[in-house]
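Undergrad: Pasting a structure here, questions to come.
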């Protein structure tokens, strides 16, 4: 991959990360769901959490947990 292609890929990752945060903070659940693959897996069991299989299940879990919570995600200085 040449340098310009690498830079385009890095920018795409940065845009995806920003979109993830914006959609989560605005609680646009369908658009946020669309960012994940159907076979998404969340495993926080090592920290006392649970294993959630599937994007729909993960979004439902997150939506329920943030029902009455305001969020403002800020992401800076990516290491890619």
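Numbering (our numbering), first residue to last: 18 to 97. Note that beta-carbon positions come from the ideal geometry of N, C-alpha and C, so glycine has one too.
Which residues in the same chain as residue 78 place their Cβ atom closer than 6 Å to its Cβ, once the five residues preceding and following it in sequence are excluded?
TA: Counted from its first residue, the chain shown places residue 78 at position 61. These residues qualify, in order along the chain: 69.
Undergrad: Are the beta-carbon atoms belonging to residue 57 and residue 71 less than 8 Å from one another?
TA: Numbered from its first residue, the chain shown carries residue 57 at position 40. Numbered from its first residue, the chain shown carries residue 71 at position 54. For residue 57 and residue 71, yes; Cβs fall inside 8 Å.
Undergrad: Using a threshold of 8 Å, state whether the C-beta atoms of residue 36 and residue 25 are closer than that.
TA: Against the chain shown, residue 36 aligns to sequence position 19. Against the chain shown, residue 25 aligns to sequence position 8. Contact: no.
Undergrad: Please look up how many angstroms separate the CB atoms of residue 92 and residue 38, rounded, as I've assumed it's under 8 Å.
TA: As a first step, residue 92 is located in the chain shown; it is residue number 75 there, counting from the start. As a first step, residue 38 is located in the chain shown; it is residue number 21 there, counting from the start. Yes, residue 92 and residue 38 are in contact; Cβ-Cβ is about 6 Å, under 8 Å.
Undergrad: Excluding the 5 residues preceding and the 5 following residue 42 in the sequence, name in chain order all residues of the same chain whose CB lies nearer than 7 Å to its CB.
TA: In the chain shown, counting from the first residue as 1, residue 42 sits at position 25. These residues qualify, in order along the chain: 88, 89 and 90.
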